[in-house]
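The next block holds one structure in the form of structure tokens; read it before the comments.
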Amino acid sequence: MIQVRFWGVRGSIPCPGPQTMKYGGNTACIELRFPEVGRHIIIDAGSGIRELAGHMMAHDLPRGPISTEIYLSHTHWDHIMGFPFFVPAYIPGTTIKVYGPVTYEDDPLEEVVGGQMKYRYFPVNMGELAASIEYKRLREEPNIDLGDGIVLSTAIINHPITALGYRFSFRGAVFCTAYDTEPFRNLFVTDPADPSYDELMAHEGELAAREQNQVLEDFFAGADLLVHDAQYTEQEYNDGKIGWGHSSIEHAISAARRAGVKRLALFHHDPERTDTHLDELTTLYCADGSPDDTTIFFAREGMKIDL
Ligand SMILES: [Zn+2]
Ligand SMILES: [Zn+2]
Numbered sequence: 113m114i115q116v117r118f119w120g121v122r123g124s125i126p127c128p129g130p131q132t133m134k135y136g137g138n139t140a141c142i143e144l145r146f147p148e149v150g151r152h153i154i155i156d157a158g159s160g161i162r163e164l165a166g167h168m169m170a171h172d173l174p175r176g177p178i179s180t181e182i183y184l185s186h187t188h189w190d191h192i193m194g195f196p197f198f199v200p201a202y203i204p205g206t207t208i209k210v211y212g213p214v215t216y217e218d219d220p221l222e223e224v225v226g227g228q229m230k231y232r233y234f235p236v237n238m239g240e241l242a243a244s245i246e247y248k249r250l251r252e253e254p255n256i257d258l259g260d261g262i263v264l265s266t267a268i269i270n271h272p273i274t275a276l277g278y279r280f281s282f283r284g285a286v287f288c289t290a291y292d293t294e295p296f297r298n299l300f301v302t303d304p305a306d307p308s309y310d311e312l313m314a315h316e317g318e319l320a321a322r323e324q325n326q327v328l329e330d331f332f333a334g335a336d337l338l339v340h341d342a343q344y345t346e347q348e349y350n351d352g353k354i355g356w357g358h359s360s361i362e363h364a365i366s367a368a369r370r371a372g373v374k375r376l377a378l379f380h381h382d383p384e385r386t387d388t389h390l391d392e393l394t395t396l397y398c399a400d401g402s403p404d405d406t407t408i409f410f411a412r413e414g415m416k417i418d419l
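Everything in the sequence shown is counted per the working numbering, starting at 113 for the first residue and increasing by one.
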């Protein structure tokens, strides 16, 4: 069994307050527990990791030293900003492995994540953390054996910096992420009226985009739970948000359905979305279909799902 718990479901910046109490205001953080083998995995260290840290200090530390693995989808701030507040990192005996893709600048992961723990930004320096912390760079790779029967596949997704989707399989259960990402698109000029239009290039670009989108759908095909970027509505996306690295709700739903995903968690909510707005979107997009259909919902902080 994989036990999934959402500790942060927002994108961009935390947005606490009376208007976001139901869905939560913390940025990306998802916890996976594998109770049969005692493994603990965290995906992203957004502001939600602070409360997860408190939970681990209260429930896990009394049973022995904490050992966890943090997989970063990418190193944008909303996905790493909680790391300095991950209290187990200050406890001697804690073991943390941090995995993630490296940006195009090629700086080591340790510097990118730890860079926010310089006195300029934060009162505690990275070197003062008492835990044993190991950093490991990940690339796109299928079927990485994580031991204990857990298998991980990673996929490059479409974001302004290198970002990875994660697919964890364990004893027949499959959990998958695809955020922050937007549909791959034709990078060549597609308007025949444009002087730089080249019919062959436009055609090639169309094929390449279609293929990349298919590769990603194959990556999350059949997942028991897919957590997918859904920051915008299709209208918002087309109205000036193309190229920002986020998907529309409509895209997430159609891609998940085509890929035969069992449950789709719409994720990385725009900080402008209030509870009322997310409830309205739920009515619009998440109607119950036939039992074979993909179950669709907007991820909510505190939500727990067993796979
Ligand atoms: Zn983000
Ligand atoms: Zn991002």
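We treat Cβ as the ideally placed atom computed from N, Cα and C, and that holds for glycine.
Inter-residue spacing [alpha-carbon to alpha-carbon] between residue i and residue j
i	j	result
H380	V121	5 Å
F287	F280	5 Å
I245	K209	6 Å
A321	N298	6 Å
Q324	F296	6 Å
L328	I269	7 Å
F234	Q326	42 Å
H358	M238	31 Å
D330	Y231	44 Å
L250	A305	42 Å
V339	A267	14 Å
Y278	A285	14 Å
Q115	M229	31 Å
L337	P307	46 Å
D382	F410	12 Å
T395	A242	47 Å
Enclosing beta strand (DSSP E) for residue i [first to last residue]
i	result
T407	407-410
L276	275-282
N255	253-257
F146	141-146
R122	Here R122 belongs to no beta strand (DSSP E), and DSSP marks it neither H nor E.
F198	Run containing F198: none; DSSP gives neither H nor E here.
H152	151-155
R249	244-249
V286	285-290
T266	262-269
Range of the contiguous alpha helix (DSSP H) that encloses residue i
i	result
V224	221-226
I161	161-171
I192	189-192
Q131	Unbroken run through Q131: none, as it is neither H nor E.
D418	Looking at the DSSP string, D418 is not in any alpha helix (DSSP H); the run it does join, the beta strand (DSSP E), is 416-418.
L328	311-332
Candidates the options: closest to residue i by CA position
i	options	result
K353	H271, P174, C398, F195	H271
S366	G160, F198, E346	E346
G166	F197, T407, F282	F197
Next on the checklist: Using a Cβ distance threshold of 8 Å, determine whether the stretch 172-180 contacts the stretch 202-214, with at least three qualifying pairs required.
Outcome noted: Yes: the two stretches touch, three or more of their Cβ pairs being nearer than 8 Å.
Next on the checklist: Using 8 Å as the cut-off, can you tell me whether the stretch 310-319 makes contact with the stretch 395-411, which would need three or more C-beta pairs spanning the two stretches below that distance?
Outcome noted: Taking 8 Å as the limit for Cβ pairs, the verdict is that the stretch 395-411 does not touch the stretch 310-319.
Checklist entry - Mind pulling the alpha helix (DSSP H) runs of 4 or more residues that sit fully within the stretch 335-399? => result Every alpha helix (DSSP H) stretch that sits fully inside the stretch 335-399 and reaches 4 residues is listed by chain position as 346-350, 361-370, 387-397.
Next on the checklist: Whether or not the stretch 243-262 and the stretch 149-158 are in contact is what I'm after, with contact meaning three or more pairs of Cβ atoms, one per stretch, closer than 8 Å; do they touch?
Outcome noted: Yes, the stretch 149-158 is in contact with the stretch 243-262.
Next on the checklist: If contact is defined by three or more beta carbon pairs under 8 Å, each pair taking one atom from either stretch, is the stretch 340-348 in contact with the stretch 367-384?
Outcome noted: The stretch 340-348 and the stretch 367-384 touch, with three or more beta-carbon pairs separated by less than 8 Å.
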